[in-house]
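Asks:
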Amino acid sequence: MTKKDIVRTIAEQIDLPQLRTRKLVQSTFDALIDVLVREGRIELRNFGVFQIKKREAREARNPRTGEKVTVEAKSVVTFKPGKEMEMRVRQFDRPNPPETSLKKPLKATEENKIEPETLHKGEG
2 MTKKDIVRTI
12 AEQIDLPQLR
22 TRKLVQSTFD
32 ALIDVLVREG
42 RIELRNFGVF
52 QIKKREAREA
62 RNPRTGEKVT
72 VEAKSVVTFK
82 PGKEMEMRVR
92 QFDRPNPPET
102 SLKKPLKATE
112 ENKIEPETLH
122 KGEG
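Shown next, in the form of structure tokens:
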């Protein structure tokens, strides 16, 4: 699934134009990246935890030549899935995995309620 697929799916689920939905999705991704870089960790309940971890410098081998190479220290993003994601992913180990929820409409709840006036903010 690509970002374009995500935008199309969300636009259909909440009945918004794709252009507006694309801005909303991109703004969400940008905010997640900004917070991760600034704070080093993002915890999204029932989804998972993104965290920046330091990898130490190490010796490795070039797989083609067998030559030893030094891999420099670097920061990497790790992801640990939340309990709900783990549970739903495990369902795919069964012979007949269930359909994903992306194909079903969102159930309106107070948590995912979007007021129309909030969709227009910041759209010059």
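Count the sequence shown with my numbering and you get residues 2 to 125, in order. Ideal Cβ positions, reconstructed from N, Cα and C, are used throughout, including at glycine.
(1) Which of helix, strand or coil does DSSP assign to Arg23?
(2) Could you spell out where the alpha helix (DSSP H) holding Ala12 opens and where it closes?
(3) What's the gap between the Cα of Arg95 and the Cα of Arg89?
(4) Would DSSP call Thr66 helix, strand or coil?
(5) What separation, rounded to the nearest whole angstrom, lies between the Cα atoms of Val1 and Ser28?
(6) Leaving out five residues before and five after Val36 in sequence, what residues of the same chain have Cβ atoms less than 7 Å from its Cβ?
(7) Hey, how far is the Cα of Phe93 from the Cα of Pro18?
(8) Please state the DSSP three-state secondary structure of Pro117.
(9) Hey, quick one: how far does the beta strand (DSSP E) through Arg56 stretch, first residue to last?
(10) Using only the alpha-carbon positions, how far apart do Val72 and Arg21 sit?
Replies: The relevant details are as follows:
(1) helix
(2) 4–15
(3) 11 Å
(4) coil
(5) Not covered by the structure: residue 1. The range shown for the chain is 2 to 125.
(6) Ile43
(7) 32 Å
(8) In this predicted model, Pro117 has a pLDDT of only 47, less than 50, meaning its place in the structure is not dependable; the value taken from the coordinates is given anyway. Helix at Pro117.
(9) 49–56
(10) 42 Å
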